[in-house]
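With our numbering, the residue at position 55 of the sequence shown is 105, and numbering never jumps. The beta-carbon is built from N, C-alpha and C at its ideal position, and this holds for glycine as well.
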Amino acid sequence: MKIYLIRHGRQCSKLCNVDVDLAEEGYRQAALLGERLAGAKIEKVYSSDYLRAVQTAQTANLYWNVEHVIDERLREISFGDMEGLSDEVIAERFCEFKKEFAKMESDMSYPNGECAADVVKRVLPVMEEVTASGCKEVAMVVHGGVIRTFVTWLLGMDLAKWRMLGNSLENCSITELSWNPKSGYSLERFNDYAHLEAKPELLRAAWVDAEN
């Protein structure tokens, strides 16, 4: 079975984890993603219930025309008290937390939010449902924190190190997993954004100065 983990397209706000629509660039990214995977045999697309994930899945699915399943368990990691704030405010207000967090010595929860283990705990049952679905290829439009924490777990790494995997995953990038009942998961590719490379204005370097 092939599972394409896809980060949602660019949203229309730089504030931390707000539930907002895609930006115009996000729709363009999602269309390029849909076209890139049009030759795959995707049988079902899953997404979190956040608008940016739903709209990314809907736009890409114009090329696939398959069932779209929305599941709140696929939401981004909760940043707790940081949510809705700008990077500048977060850097000032949570300075001490960020210093400790950057050490990656333990799987720290965001202030009144989640840690990596929390994300894996809620995502794993969804992945078990997906692998039991009988599909041979599925796409899952989720979030950077979900992809990075799940791949960290899959590789048997210390969950405290999850932010080592991709300093900043590109929007609408593809992380491909394979799964079979005998050997389990394997990582086939990570943060593949070849479909965006010809359009530098769609890359995160053109938009993001920092990321929490």
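Item, Value
"If you draw a straight line from the alpha carbon of Cys66 to that of Leu135, how long is it in whole angstroms?", "5 Å"
"Which whole-angstrom value describes the C-beta separation of Lys52 and Glu187, a residue pair presumed to lie in contact below a C-beta threshold of 8 Å?", "4 Å"
"Taking the C-alpha atoms as reference points, what is the distance between Glu74 and Ala248?", "17 Å"
"For Arg57 versus Arg123, is the C-beta distance shorter than 8 Å?", "no"
"Starting from the C-beta of Glu220, find all residues in its chain whose C-beta is less than 8 Å away, skip the five residues before and the five after it, and write them out in chain order.", "Arg57, Asn241, Tyr243, Leu246, Leu253 and Arg254"
"Go to Tyr77, then tell me how far its alpha helix (DSSP H) extends in each direction, as first and last residue.", "Glu74 to Arg86"
"So what does DSSP say about Glu146, is it helix, strand or coil?", "helix"
"Assign Trp257 to buried or exposed, taking buried as 16 or more other Cβ atoms, counted over all protein chains shown, within 10 Å of its Cβ.", "exposed"
"Can the beta-carbon of Val170 be found closer than 8 Å to that of Phe144?", "no"
"Report all residues from its chain with a CB closer than 8 Å to the CB of Gly163; omit the five preceding and five following residues, and keep chain order.", "Ile127, Ser128, Phe129, Gly130, Asp131, Met132 and Glu133"
"On the DSSP bridge assignment, give the partners of Asp131 in chain order.", "Beta-bridge pairing links Asp131 to no other residue."
"Alpha carbons only, please: which of Val119, Ala189, His193 and Asp208 is nearest the one belonging to Met158?", "Asp208"
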